[in-house]
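In the working numbering, the protein residues as written are 3 to 198.
And the structure:
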């Protein structure tokens with residue numbers, strides 16, 4: 003969100019965001035340094051009908067010039083869906099993102115686990131179908147990640163701090179660890195822009 007309180011048809015109001023009103027900009031940024039390589043200003047819904055699949059359409063638009071480059075894209079649960087990741091894979095791109103349990107194509111065997119979670123932190127369950135891997139992992143709450151370039155037979159690890167200041171390493175699926183390492187490009191850019 004670019005803060006803006008004047009008059010404009012582009013102005014959006016999002017009460018749960020740190021910047022509540024302004025101009026919404028979708029961005030594709032480099033994970034390592036926050037460099038924005040593509041962006042799109044959100045001009046509101048097109049036509050008089052409700053928008054469906056807005057998140058997927060944004061990802062497809064921002065990655066049109068990346069087809070068949072075998073790049074890895076990371077996004078949050080607003081954008082990710084089973085259909086989007088399969089479409090990206092057909093276009094020679096890899097995707098990884100958190101996934102909401104109510105999305106079409108979510109594995110039914112994972113749905114009960116999303117609600118109740120696992121007993122211990124670090125427990126996980128993974129489903130693989132076609133070129134997709136969907137992993138459910140217990141952190142403080144259950145976290146679901148979908149990926150197209152992830153090996154479900156391997157395990158990685160992440161470090162978590164406890165309230166007493168000590169840290170502990172927990173096993174996790176590789177998609178979770180990769181998502182944690184790479185999902186910060188747009189946030190880095192926002193931080194640097196704020197300093198400027």
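Ideal Cβ positions, reconstructed from N, Cα and C, are used throughout, including at glycine.
Please confirm whether residue 33 and residue 186 have their CB atoms less than 8 Å apart.
Their beta carbons are under 8 Å apart, which means residue 33 touches residue 186 by this criterion.
Mind checking which residues open and close the beta strand (DSSP E) that includes residue 144?
It spans 144-149 - the beta strand (DSSP E) in which residue 144 sits, taken as one unbroken run.
Can you tell me which of 167, 110, 195 and 137 puts its alpha carbon nearest to the alpha carbon of residue 177?
Looking at the Cα atoms, 137 is the closest of the given residues.
Quick one: any contact between the region 160-171 and the region 101-108, if contact means 3 or more CB pairs under 8 Å?
The region 160-171, when compared against the region 101-108, does not touch it at the 8 Å Cβ threshold.
Separation of residue 156 from residue 23, as counted between CA atoms
Between residue 23 and residue 156, the C-alpha separation is close to 44 Å.
Check each candidate in 145, 113 and 150 and name the one with the smallest Cα separation from residue 131.
Closest option to residue 131, Cα to Cα, is 150.
Out of curiosity, what's the CA-to-CA distance linking residue 79 and residue 5?
Between the alpha carbons of residue 79 and residue 5 lies a distance of about 24 Å.
Cα-Cα, which of 75, 124 and 196 is closest to residue 183?
Considering only alpha carbons, the answer is 75.
Kindly indicate which residue of 124, 163 and 56 has the alpha-carbon position closest to the one of residue 85.
The shortest Cα separation from residue 85 among 124, 163 and 56 belongs to 56.
Could you have a look at residue 121 and say whether DSSP puts it in helix, strand or coil?
In the structure shown, residue 121 sits in coil (DSSP, three-state: anything other than H, G, I, E or B).
Can you tell me whether residue 150 sits near the ligand FMN, meaning its C-beta is under 7 Å from at least one heavy atom of the ligand?
With respect to small molecules bound, the structure shown includes none, and the ligand FMN cannot be examined in it.
Which residue from 13, 174, 160 and 35 puts its Cα closest to that of residue 193?
When each option's Cα is compared against that of residue 193, the closest is 35.
Bounding residues of the beta strand (DSSP E) (the contiguous stretch that carries residue 75):
Its beta strand (DSSP E) spans residues 74-77.
Applying the 10 Å Cβ sphere with the 16-neighbour rule, what's the burial state of residue 165?
With a threshold of 16 other beta carbon atoms within 10 Å, residue 165 falls short and is exposed.
I'd like the list of long-range same chain contacts for residue 140, defined as Cβ closer than 6 Å, with 5 residues on each side in sequence excluded.
Leaving aside the five residues that flank residue 140 on each side, the residues in its chain whose CB is nearer than 6 Å to its CB run, in chain order, 119, 120, 123 and 125.
So, for residue 113: in the same chain, excluding its five sequence neighbours on each side, which residues have a beta-carbon less than 7 Å away from its beta-carbon?
Counting only Cβ-Cβ distances below 7 Å, and skipping sequence neighbours, we find 103.
Taking buried to mean at least 16 other C-beta atoms within 10 Å of its own C-beta, is residue 188 buried or exposed?
Classification for residue 188: buried.
Segment limits, beta strand (DSSP E) that includes residue 31:
For residue 31, the enclosing beta strand (DSSP E) starts and ends at 27-31.
What separation, rounded to the nearest whole angstrom, lies between the Cα atoms of residue 16 and residue 38?
About 23 Å.
So the alpha helix (DSSP H) residue 62 belongs to, where does it begin and stop?
From DSSP, the alpha helix (DSSP H) with residue 62 extends over 56-64.
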